[in-house]
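In what follows, a structure is listed as structure tokens, so that the remarks can point back to it.
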Amino acid sequence: MVQRVTGPGLTLDVTLDHRLPGAPRDLAVGHGAVLTSEGALLTLRARYPGGDLAYTGVTLAVVSGGRTRTALPGLRVEGAASLLLLTRVRRHTGELDVLAEARELRALLPGDEEDAYPHLLARHTALHRTAYLRAGLDLGADPTERALPGSELVRRPKSPALLERLFAAGRYHLLSSAGMLPPRLTGLWTGDWDTAWAGAFTTDANVNLQTASAAAAALPEVSEAHAALVHGQLPHWRDNARAIFGTRGVVAPAHTDGESGHIYHLSREYPLHVWTAGADWLLKPLVDHDETSGARDPRLAVALAEVAYFYEDFLTRTDKNGHLVVVPSYSRRTVPRTRAGSPSTPPWTSRRRGTPSSRRPTTTRDPTPSACARSPTGCPRTASTPTAPSPSGPGPVSTTPTTTGT
Numbered sequence: 009m010v011q012r013v014t015g016p017g018l019t020l021d022v023t024l025d026h027r028l029p030g031a032p033r034d035l036a037v038g039h040g041a042v043l044t045s046e047g048a049l050l051t052l053r054a055r056y057p058g059g060d061l062a063y064t065g066v067t068l069a070v071v072s073g074g075r076t077r078t079a080l081p082g083l084r085v086e087g088a089a090s091l092l093l094l095t096r097v098r099r100h101t102g103e104l105d106v107l108a109e110a111r112e113l114r115a116l117l118p119g120d121e122e123d124a125y126p127h128l129l130a131r132h133t134a135l136h137r138t139a140y141l142r143a144g145l146d147l148g149a150d151p152t153e154r155a156l157p158g159s160e161l162v163r164r165p166k167s168p169a170l171l172e173r174l175f176a177a178g179r180y181h182l183l184s185s186a187g188m189l190p191p192r193l194t195g196l197w198t199g200d201w202d203t204a205w206a207g208a209f210t211t212d213a214n215v216n217l218q219t220a221s222a223a224a225a226a227l228p229e230v231s232e233a234h235a236a237l238v239h240g241q242l243p244h245w246r247d248n249a250r251a252i253f254g255t256r257g258v259v260a261p262a263h264t265d266g267e268s269g270h271i272y273h274l275s276r277e278y279p280l281h282v283w284t285a286g287a288d289w290l291l292k293p294l295v296d297h298d299e300t301s302g303a304r305d306p307r308l309a310v311a312l313a314e315v316a317y318f319y320e321d322f323l324t325r326t327d328k329n330g331h332l333v334v335v336p337s338y339s340r341r342t343v344p345r346t347r348a349g350s351p352s353t354p355p356w357t358s359r360r361r362g363t364p365s366s367r368r369p370t371t372t373r374d375p376t377p378s379a380c381a382r383s384p385t386g387c388p389r390t391a392s393t394p395t396a397p398s399p400s401g402p403g404p405v406s407t408t409p410t411t412t413g414t
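In the working numbering, the protein residues as written are 9 to 414.
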């Protein structure tokens, strides 16, 4: 991350601060500040409770003019002409080589005579302008309205300029919130340690909804990030199919932190372990990408075949008319009708922040999934009444775990 502050006679304090809403009280935090030839090097290390997982933030402060001194836990700058901050955050276990990180940040700077900020901005622009200019929406809007700030445009809901701006803003936010992986449920800009639904990936609806416009908006970078998430977890998806259903093929989780693709959300209220539609659902955007781009990713064909292998082994039961039935099954986004014939209503209308059960879903195993899959009668039909928002994200919930569709 690159930040620049300019002004006559700048005087300010710079510190790295981990304190956001929800920060664990027993977080182990350490600060460092040393003077360098450019200005100073600041570090912040935070180790998570109960383990060796940590993150370290490293900031190289490049000061032009004035006086610089350490003022723990940070830095004091007095009478400077400008301040440039280069920041990088790394997740790690054990100790991080901070000096190596500092050398990498220093290597981003140009020669002594060149202004660093325009150099770094040009480097960034070259990477992103191509994507921004690849597609656009022109509705022939009035140039005067196009020049209005967003706060004014939203007051003109019938303005073509508003639709043009929304299209551009959507592409900007989609590209900005995707990187090595697609956007998380809450995006990147949360400002909270304990974000809603763990700030992870909700795969039974939200990931696809967030990336749905990638193909039409000419953002293959987002589709490639989606592919990285899927293909990086396929081995775990195979484990799910084997361990839960005793089958070949793949079964995707309804919720993932982006690293583990194993299914952990096993509860009576939300039997997400018997939601079998995840793999083909998550592969659909990749099919869209191939069809719109004309490319063919051989990994996609392999993954689609593994979905077929799963259903070939899983779909073995039929009803009295000989039709295949999907049992056990569960649909997180389909609300069944009650016995009286009216749609059932979940016992909440909005998610309340801070509800422990909305942050930490239960993981009791009931019943044993693999045993249900092999049983001639399937899983016992149990009625469930949800008492908290689902771990898989916002939306209605089905209250009968064993339905006949996905």
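By construction, the Cβ of each residue, glycine as well, lies at the ideal position given by its N, Cα and C atoms.
None of these values were measured; they are calculated from a predicted model.
(message) Measuring only the C-alpha atoms, how far is leucine 61 from serine 268?
(response) 15 angstroms
(request) Classify asparagine 248 as buried or exposed, calling it buried when 16 or more other Cβ atoms lie within 10 Å of its own Cβ. (result) buried
(request) Check the C-beta distance from histidine 270 over to histidine 244 and give it rounded, since I have them as a contact under 8 angstroms. (result) 5 angstroms
(message) Is it the case that the segment 48 to 66 contacts the segment 220 to 227, given that we only count it when at least three CB pairs across the two stretches are under 8 angstroms?
(response) Too few Cβ pairs lie closer than 8 angstroms, so no.
(request) Could you pull out every residue in the same chain whose Cβ sits closer than 7 angstroms to the Cβ of histidine 166, ignoring the five residues on either side in sequence? (result) The sequence shown places lysine at residue 166, rather than the histidine named in the question. The beta carbon of lysine 166 sits closer than 7 angstroms to none of the beta carbons in its chain outside the five residues before and after it.
(request) May I have a chain-ordered list of the alpha helix (DSSP H) segments no shorter than 4 residues that lie completely inside the segment 77 to 136? (result) If we require 4 residues or more, the alpha helix (DSSP H) runs fully inside the segment 77 to 136 come out as 106 to 115.
(request) Kindly indicate the opening and closing residues of the alpha helix (DSSP H) around serine 301. (result) 286 to 301 is the extent of the alpha helix (DSSP H) around serine 301.
(request) Return the chain-ordered ranges of every beta strand (DSSP E) run that is complete within the segment 39 to 74 and spans a minimum of 3 residues. (result) 47 to 55 and 61 to 72
(message) Just to confirm, is the Cβ distance from glutamate 109 to arginine 96 under 9 angstroms?
(response) Yes, Cβ-Cβ distance for glutamate 109 and arginine 96 is below 9 angstroms.
(message) To the nearest angstrom, how far is the alpha carbon of proline 439 from that of threonine 203?
(response) Given that the chain is displayed from residue 9 to residue 414, the structure contains no residue 439 and the question cannot be resolved.
(request) Measure how close the beta-carbons of glycine 73 and leucine 52 come, nearest whole angstrom, since I'm counting them as under 8 angstroms. (result) That belief does not hold up - the Cβ atoms of glycine 73 and leucine 52 are roughly 26 angstroms apart, past 8 angstroms.
(request) Measure the CB-CB distance between leucine 308 and leucine 294 and report whether it falls below 9 angstroms. (result) At a Cβ-Cβ threshold of 9 angstroms, leucine 308 and leucine 294 count as neighbours.
(message) Quick test of your reading: glutamate 314 and glycine 257, contact by CB under 8 angstroms. State the CB separation rounded to the nearest angstrom.
(response) The beta-carbon distance between glutamate 314 and glycine 257, rounded to whole angstroms, is 5 angstroms. This is short enough to meet the 8 angstroms contact definition.
(message) Give me, in chain order, the residues of the same chain whose beta-carbon lies closer than 6 angstroms to that of leucine 128; leave out the 5 immediate sequence neighbours on both sides.
(response) Val10
(request) Given a cut-off of 9 angstroms, decide if glycine 82 and leucine 107 are closer than it, judged by their beta-carbon atoms. (result) no
(request) Compute the Euclidean distance between the alpha carbons of tryptophan 205 and arginine 84, then round it to the nearest angstrom. (result) 38 angstroms
(message) Distance check for serine 339 and leucine 92, CA to CA, integer angstroms please.
(response) 51 angstroms
(message) Which residue wins for smallest C-alpha separation from leucine 18, given the options Arg75, Leu80 and Thr326?
(response) Arg75
(message) So, with DSSP's three-state summary, where would you put arginine 304?
(response) coil
(message) Using only the alpha-carbon positions, how far apart do glycine 320 and histidine 181 sit?
(response) The amino acid at residue 320 is misidentified as glycine; the sequence shows glutamate. Their backbone Cα atoms lie some 40 angstroms apart in a straight line.
(message) Less than 9 angstroms between the beta carbons of threonine 210 and leucine 193, yes or no?
(response) yes
(message) For histidine 239 and proline 151, what's the separation of their Cα atoms in angstroms?
(response) 45 angstroms
(request) With a cut-off of 8 angstroms on the beta carbons, I'd call leucine 145 and phenylalanine 175 a contact; round off their distance for me. (result) 4 angstroms
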